[in-house]
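**Q** Going down the list, the sequences are from chains A and B. Numbering-wise, the first sequence is residues 29 to 144 according to this note's numbering. Numbering-wise, the second sequence is residues 8 to 117 according to this note's numbering. Heads up, the beta-carbon is just placed ideally off N, CA and C, and yes, glycines get one too.
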Amino acid sequence: NAGVTQTPKFRILKIGQSMTLQCTQDMNHNYMYWYRQDPGMGLKLIYYSVGAGITDKGEVPNGYNVSRSTTEDFPLRLELAAPSQTSVYFCASSYGRGSLRDEKLFFGSGTQLSVL
Amino acid sequence: RKEVEQDPGPFNVPEGATVAFNCTYSNSASQSFFWYRQDCRKEPKLLMSVYSSGNEDGRFTAQLNRASQYISLLIRDSKLSDSATYLCVVTPFGNEKLTFGTGTRLTIIP
Numbered sequence: 029n030a031g032v033t034q035t036p037k038f039r040i041l042k043i044g045q046s047m048t049l050q051c052t053q054d055m056n057h058n059y060m061y062w063y064r065q066d067p068g069m070g071l072k073l074i075y076y077s078v079g080a081g082i083t084d085k086g087e088v089p090n091g092y093n094v095s096r097s098t099t100e101d102f103p104l105r106l107e108l109a110a111p112s113q114t115s116v117y118f119c120a121s122s123y124g125r126g127s128l129r130d131e132k133l134f135f136g137s138g139t140q141l142s143v144l
Numbered sequence: 008r009k010e011v012e013q014d015p016g017p018f019n020v021p022e023g024a025t026v027a028f029n030c031t032y033s034n035s036a037s038q039s040f041f042w043y044r045q046d047c048r049k050e051p052k053l054l055m056s057v058y059s060s061g062n063e064d065g066r067f068t069a070q071l072n073r074a075s076q077y078i079s080l081l082i083r084d085s086k087l088s089d090s091a092t093y094l095c096v097v098t099p100f101g102n103e104k105l106t107f108g109t110g111t112r113l114t115i116i117p
């Protein structure tokens with residue numbers, strides 16, 4: 029199993045450009061998440077999904093959009109990129125909730141994004 | 008007060024020593040607690056879940072103190088490979104409410 033796969037690993041955007049960060053998982057997890065991690069800060073939840081067709085905002089959703097058309101894929105869309113979106117982005121998945129086992133997060137390897 | 012607070016370190020510890028970190032949380036409704044490990048420029052990986060009664064996994068011991076609202080991680084006989092940032096993670100219920108600490112950086116010195 030590949031686990032959680034994110035692409036691209038690195039990207040430089042100009043202000044105002046848009047892009048999609050891809051995330052796919054092969055563990056049949058219902059729950060998927062997008063986090064961002066800024067230097068010296070904890071991970072912040074951007075959006076999450078509890079199943080195909082269901083998404084919801086996390087703590088820092090402004091400037092981002094998501095969709096979940098399949099169980100496997102959870103792309104993150106940046107519209108009108110801004111310097112404040114320079115960060116490391118992590119996609120993650122989990123079985124669900126209700127037990128410590130279910131709540132274990134499996135992370136992708138991350139995307140380093142710079143907006144200049 | 009931050010929801011989850013950790014001493015950022017760095018902790019520079021000689022190989023073979025014992026080191027302990029604490030993490031305090033402010034939400035008394037918190038139910039699930041975890042320690043994740045993050046290597047430089049890598050993704051976080053689950054190190055241990057923290058059970059109410061405390062738990063041990065090899066050289067690692069995790070404890071929960073609900074009265075004082077903190078969790079701890081003890082590493083015995085530290086190895087060079089233990090060098091990493093250790094993230095404290097807390098939630099009242101469900102991963103959408105997970106709160107990550109900023110991490111404690113540990114460097115094991117030969």
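Using the C-alpha atoms, what's the distance from Arg64 of chain A back to Asp46 of chain B?
**A** 16 Å
**Q** If you draw a straight line from the alpha carbon of Lys37 of chain A to that of Gln38 of chain B, how long is it in whole angstroms?
**A** 34 Å
**Q** Can you list, in chain order, the residues of its chain with a C-beta nearer than 7 Å to that of Ser59 of chain B? Leave out the 5 residues immediately preceding and following it.
**A** In the same chain as Ser59 of chain B, and ignoring 5 residues on each side of it, the C-beta atoms closer than 7 Å to its own belong to Leu71, in chain order.
**Q** What does the alpha-carbon distance come out to for the pair Gly16 of chain B and Ser122 of chain A?
**A** 30 Å
**Q** Residues of chain A with CB under 8 Å from Pro51 of chain B, in chain order?
**A** Leu71, Phe118, Leu133 and Phe135
**Q** So what does DSSP say about Ser85 of chain B, is it helix, strand or coil?
**A** coil
**Q** Alpha carbons only, please: which of A:Thr48, A:Thr33, A:Trp62 and A:Ile74 is nearest the one belonging to Phe118 of chain A?
**A** A:Trp62
**Q** In this structure, what does DSSP give as the bridge partners for Asn62 of chain B?
**A** Beta-bridge pairing links Asn62 of chain B to B:Ala69.
**Q** DSSP has Asn56 of chain A in a bridge; who is on the other side?
**A** Per DSSP, none; premise fails for Asn56 of chain A.
**Q** Here's the rule I'm using: 16 or more other beta-carbon atoms within 10 Å means buried, otherwise exposed. How should Phe41 of chain B be labelled?
**A** buried
**Q** Can you list, in chain order, the residues of its chain with a C-beta nearer than 8 Å to that of Val78 of chain A? Leave out the 5 residues immediately preceding and following it.
**A** Asn58, Tyr59, Asp84 and Gly124
**Q** Going by DSSP, what residues sit across from Phe134 of chain A in a beta bridge?
**A** Its beta-bridge partners are A:Ser121.
**Q** Any Cβ of chain A within less than 9 Å of the Cβ of Thr15 of chain B?
**A** Checking the sequence shown, residue 15 of chain B turns out to be Pro, not Thr. At least one chain A Cβ lies under 9 Å of Pro15 of chain B.
**Q** For chain B, find out if any of its Cβ atoms is closer than 9 Å to the Cβ of Gly68 of chain A; answer yes or no.
**A** yes
**Q** Spatial neighbours of Gly70 of chain A within its chain, please: C-beta separation below 6 Å, excluding the five flanking residues on both sides.
**A** none
**Q** List, from N- to C-terminal side, the beta strand (DSSP E) runs of 3 residues or more that fit wholly inside the stretch 34-84 of chain A.
**A** Fully enclosed beta strand (DSSP E) runs of 3 or longer: 38-41, 47-53, 59-65 and 72-79.
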